[in-house]
Amino acid sequence: GAVVSQHPSWVICKSGTSVKIECRSLDFQATTMFWYRQFPKQSLMLMATSNEGSKATYEQGVEKDKFLINHASLTLSTLTVTSAHPEDSSFYICSAPPDRGPSYEQYFGPGTRLTVT
Amino acid sequence: SQKIEQNSEALNIQEGKTATLTCNYTNYSPAYLQWYRQDPGRGPVFLLLIRENEKEKRKERLKVTFDTTLKQSLFHITASQPADSATYLCALSGDSSYKLIFGSGTRLLVRP
């Protein structure tokens, strides 16, 4: 089956620094990837849609200058949390639907736990 | 605005019984409804997808129903096992977009 990986699986950073999270589709190509954030005991909240070769589309209320997304290739999207603050501490998950259409399931990465101290 | 509701209270059942989870939605006409399983500290794992023109879908011990009139989906796990203990999320999507809107999830605990 299709596999999506994320790196790192967890990261601790100091307030004010930037952190980059990678999302890779290992055995399929994905022109579109999604980034979600999940706070404890809450559901996944879509942050942005990452499009290969073009700018990301951000959901309402998500600061595009704070959460930089780069979809460098058909198998890699990166999310950079800039000037991180403790309130950015969360579980970040990416998903990549295979390029077969929206009538198919999406594949999710294992998530990245970010803790900002 | 679009709203998806799942029972926020945990569902606690005895092993061997059937677990039934509910997903209700408003202000949306989804083309597809999906169910995912999420274990603590992990990403969601796909279980089943049902289309708007389908009433029921089955896969092994899992069954999903989709009632577009009631705007409701029911997710059943028969002969439940302790290994089925997890949080189950329902998600909706339209016909022209991969974008998924998730419910808050229901935690299932199966007692041995």
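Sequence order for the protein chains is A and B.
The numbering of the first sequence is our numbering, which starts it at 25 and goes up by one.
The numbering of the second sequence is our numbering, which starts it at 53 and goes up by one.
Glycine included, every Cβ here is placed at the ideal spot set by N, Cα and C.
Burial state of residue i, where buried means 16 or more other Cβ atoms lie within 10 Å
i, result
"A/Glu87", "exposed"
"B/Pro134", "exposed"
"B/Gly110", "Going by the sequence as given, residue 110 of chain B is Arg instead of Gly. It counts as exposed."
"A/Ala54", "buried"
"A/Thr99", "buried"
"A/Glu129", "buried"
"B/Ser53", "exposed"
"A/Arg13", "Chain A is shown only over 25 to 141; residue 13 of chain A falls outside these bounds and no answer can be derived."
"A/Gly133", "buried"
"A/Thr23", "Since the first residue shown for chain A is 25 and the last is 141, residue 23 of chain A is missing from the structure and cannot be characterised."
"A/Ile45", "buried"
Contacts around residue i, its chain only, beta-carbon distance under 8 Å, and the 5 residues preceding and following it disregarded
i, result
"A/Thr81", "Ala72, Thr73, Asn75"
"A/Tyr60", "Leu68, Met69, Leu70, Met71, Tyr116, Ile117, Cys118, Ser119"
"A/Phe91", "Trp59, Met71, Ala72, Tyr82, Leu103, Thr104, Val105, Thr106"
"A/Ser113", "Leu138, Thr139, Val140"
"B/Pro164", "Glu67, Pro134"
"A/Gly135", "Gln30, Ser33, Gln62, Phe115, Tyr116, Ile117"
Own chain residues within Cβ distance below 7 Å of residue i, not counting five before or after
i, result
"A/Ser39", "Ala108, His109, Pro110, Val140, Thr141"
"B/Leu99", "Trp87, Tyr88, Arg89, Leu114"
"B/Lys69", "Ser132"
6 Å CB neighbourhood of residue i in its chain, flanking five on each side removed
i, result
"A/Arg137", "Trp34, Phe115"
"B/Thr78", "Lys55"
"A/Tyr131", "Ala26, Val28, Ala120"
Selection from the options that minimises the alpha carbon distance to residue i
i, options, result
"B/Ala143", "B/Cys75, B/Gly68, B/Ala62, B/Ile65", "B/Cys75"
"B/Ile129", "B/Ser81, B/Gln66, B/Ser148", "B/Gln66"
"B/Val97", "B/Leu73, B/Gly155, B/Val116, B/Tyr140", "B/Tyr140"
"B/Ser125", "B/Asp147, B/Leu63, B/Gly146, B/Leu101", "B/Leu101"
"A/Val43", "A/Ile93, A/Phe132, A/Pro134", "A/Ile93"
"A/Asp89", "A/Met57, A/Ala96, A/Lys79", "A/Lys79"
"B/Ser60", "A/Gln66, A/Gly133, A/Pro122", "A/Gln66"
"B/Arg94", "B/Ala138, B/Tyr84, B/Ser149, B/Pro164", "B/Ala138"
"A/Ser97", "A/Pro64, A/Leu50, A/Gly135", "A/Leu50"
"B/Asp147", "B/Asp136, B/Glu112, B/Val162, B/Leu85", "B/Leu85"
"B/Tyr80", "B/Leu161, B/Asp136, B/Ile153, B/Val162", "B/Ile153"
"B/Leu73", "B/Tyr150, B/Phe127, B/Lys151, B/Ser149", "B/Phe127"
Nearest-angstrom Cβ-Cβ length linking residue i and residue j, presumed shorter than 8 Å
i, j, result
"B/Thr158", "B/Leu63", "6 Å"
"B/Ser156", "B/Ala71", "The Cβ separation is near 17 Å, so there is no contact."
"B/Pro82", "B/Glu104", "7 Å"
"B/Val116", "B/Asp136", "Wrong, their Cβ atoms sit about 15 Å apart, outside the cutoff."
Listed in chain order, which residues of the region 62 to 91 of chain A have Cβ atoms closer than 7 Å to some Cβ of chain B? So the close ones are Gln66, Ser67, Leu68, Leu70, Thr73.
Using a Cβ-Cβ cut-off of less than 7 Å, list which residues of the region 78 to 91 of chain B approach chain A; keep chain order. The region 78 to 91 of chain B vs chain A, Cβ under 7 Å: Tyr84, Gln86.
Mind listing which residues of the region 101 to 123 of chain A have their C-beta closer than 7 Å to chain B's C-betas, in chain order? Ile117, Pro121
Using a Cβ cut-off of 8 Å, which residues of the region 90 to 114 of chain B contact any Cβ in chain A, in chain order? Gly93, Arg94, Gly95, Pro96, Val97, Phe98, Leu101, Arg103
Scan the region 53 to 74 of chain B for residues whose Cβ lies nearer than 8 Å to a Cβ of chain A and list them as they occur along the chain. Answer in chain order: no residues at all.
At a Cβ cut of 7 Å, what residues of the region 150 to 164 of chain B count as close to chain A, listed as they run along the chain? Tyr150, Lys151, Leu152, Phe154, Gly155, Ser156, Gly157
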